[in-house]
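A.B. asks: Oh and the sequence shown: position 62 is 135 in our numbering, straight run, nothing missing. From the three backbone atoms N, C-alpha and C, an ideal C-beta is built for every residue, glycine too. The structure's right below; bear with me while I get my questions together.
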Amino acid sequence: MKSIMSRTPHDHSLSFSRRHFDWIISKLGRGEEYSKRYAEVEVEDDEEDQILAVSSLRYSCLYDEEASAKSEEEKKKKKKMFSASSTVKAISRFRSAVSAAIGGTPHRELGLGRHVTGTLYGQRGGHMHFAVQAEPCARPAMLVELAMSTGTLVRKMAAGLVRIALECERGPGSARRTRQRLMEEPLWWAYCNGRKHGRAMRREAGPEDWRVLRAVERVTMGAGVLPAAEGEVMYMRARFERVVGSKDSEALYMISSDNNGGPELTIFFLRV
74 MKSIMSRTPH
84 DHSLSFSRRH
94 FDWIISKLGR
104 GEEYSKRYAE
114 VEVEDDEEDQ
124 ILAVSSLRYS
134 CLYDEEASAK
144 SEEEKKKKKK
154 MFSASSTVKA
164 ISRFRSAVSA
174 AIGGTPHREL
184 GLGRHVTGTL
194 YGQRGGHMHF
204 AVQAEPCARP
214 AMLVELAMST
224 GTLVRKMAAG
234 LVRIALECER
244 GPGSARRTRQ
254 RLMEEPLWWA
264 YCNGRKHGRA
274 MRREAGPEDW
284 RVLRAVERVT
294 MGAGVLPAAE
304 GEVMYMRARF
314 ERVVGSKDSE
324 ALYMISSDNN
334 GGPELTIFFL
344 RV
């Protein structure tokens, strides 16, 4: 049996270094195989990642399509609900307008514009009435029964210009009553050409009033006599220009077809 001995003190270290070098080389050779295998694994991983990315993209596209379809359905439902609600509102407004036109609401002024239709009428020997209408066939926005007799007013109008003033008082609780429209006031003091002629009272149109107003509905401007069972009814009908000074003052100026320089009849409404 041979004894293994190093010839020099450095032989042992050299042999160890050589073996260590051979081991590194062998590992490096295997490392190439490992790197190749690792590269193949990386390629496979990249392919799997690409497949996953494509599949996730398809899923996201499908999800977006479903979400857009749902949003479109929700929009259609909202449009249907909105159209239905608007239809219901329109029907309710139409019903309220029809009911107001047929039945009428007490002490409610229907929108008066710059020009209105005014009718003075009354039985011979009776009291004169004055009706204000927004249109010739509309419900009277105001109907006042004057204390002045029909004959007296006819004589004054035949003599010349007539100025009628209707004054109402605020009275107690004026802060509450100022919110009421001027032509909705129930009681007035009547003046004609500066002379006091008693009280004037606002009231709703009755069957006799409607009979007169419908009989003169087609009359734009004029005066005449209507036959009636209880006596003849005298009337004078014309268009008036409405001028609003404030919430406490208004005036109606009769529009005359004759260019005589001024209106034949003027009616003032004052709240003092």
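So the candidates are 326, 342 and 345; which of them puts its Cα closest to the Cα of residue 234?
C.D. replies: Nearest option by C-alpha distance: 326.
A.B. asks: Quick check on residue 181: does DSSP put it in helix, strand or coil?
C.D. replies: With a pLDDT of only 42 at residue 181, under the threshold of 50, the placement of this residue in the model should not be trusted; the figure read from the coordinates follows. Here residue 181 sits in coil by DSSP.
A.B. asks: So, helix, strand or coil for residue 231, using DSSP?
C.D. replies: It is helical.
A.B. asks: Would residue 87 be called buried (16 or more neighbouring beta carbons within 10 Å of its own) or exposed?
C.D. replies: Bear in mind that the predicted position of residue 87 carries a pLDDT of just 46, short of 50, making it unreliable; the figure below should be weighed with that in mind. Per the 10 Å Cβ criterion, exposed.
A.B. asks: Which of helix, strand or coil does DSSP assign to residue 289?
C.D. replies: Residue 289: coil per DSSP, three-state reduction.
A.B. asks: Skipping 5 residues on each side, what residues in its chain have a beta carbon closer than 8 Å to that of residue 186?
C.D. replies: These residues qualify, in order along the chain: 207 and 315.
A.B. asks: With a threshold of 7 Å on Cβ separation, who are the neighbours of residue 311 within its own chain once the five nearest residues in sequence on each side are excluded?
C.D. replies: Contacts found: 191, 294, 327 and 328.
A.B. asks: Under a Cβ-count criterion, where at least 16 other Cβ atoms within 10 Å of its own Cβ denotes burial, should residue 283 be classed as buried or exposed?
C.D. replies: Exposed, by the Cβ-count rule.
A.B. asks: Just grab the DSSP bridge partners of residue 196 for me.
C.D. replies: In the DSSP output, where bridge partners are listed per residue, residue 196 has 306.
A.B. asks: Mapping DSSP to helix, strand and coil, what is residue 322?
C.D. replies: In the structure shown, residue 322 sits in a strand (DSSP, three-state: E or B).
A.B. asks: Thinking C-beta only, is residue 301 closer than 8 Å to residue 309?
C.D. replies: No, these two residues do not count as a Cβ contact at 8 Å.
A.B. asks: Starting from the Cα of residue 346, find the closest Cα among 202, 215, 189 and 238 and give me that residue.
C.D. replies: In the structure displayed, the chain extends from 74 to 345; residue 346 sits before or after that span and is not available.
A.B. asks: On the premise that residue 338 lies in contact with residue 238, defined as a C-beta separation below 8 Å, what is that separation, rounded to the nearest angstrom?
C.D. replies: Actually they do not touch by this definition, with Cβ atoms about 12 Å apart.
A.B. asks: What residue range does the beta strand (DSSP E) around residue 222 cover?
C.D. replies: Segment 215-222, the beta strand (DSSP E) holding residue 222.
A.B. asks: Return helix, strand or coil for residue 208, following the three-state DSSP convention.
C.D. replies: Three-state DSSP puts residue 208 in coil, outside helix and strand.
A.B. asks: Indicate the three-state DSSP secondary structure (helix, strand or coil) for residue 294 in the structure shown.
C.D. replies: Reduced to three states, the DSSP call for residue 294 is coil.
A.B. asks: For the beta strand (DSSP E) that residue 340 lies in, which residues bound it at each end?
C.D. replies: From DSSP, the beta strand (DSSP E) with residue 340 extends over 338-344.
A.B. asks: Taking the continuous beta strand (DSSP E) assigned at residue 274, which residues delimit it?
C.D. replies: That run of the beta strand (DSSP E) goes 268-275.
A.B. asks: Based on Cα-Cα distance, which residue from 322, 307 and 231 lies nearest to residue 197?
C.D. replies: Nearest C-alpha to residue 197: 307.
A.B. asks: Give the straight-line distance between the Cα atoms of residue 232 and residue 226, rounded to the nearest whole angstrom.
C.D. replies: Their backbone Cα atoms lie some 10 Å apart in a straight line.
A.B. asks: Is the separation between the beta-carbon of residue 202 and that of residue 195 shorter than 8 Å?
C.D. replies: In this structure, residue 195 lies closer than 8 Å to residue 202 by Cβ.
A.B. asks: Quick check on residue 260: buried or exposed, where buried means 16 or more other Cβ atoms within 10 Å of its Cβ?
C.D. replies: Per the 10 Å Cβ criterion, exposed.
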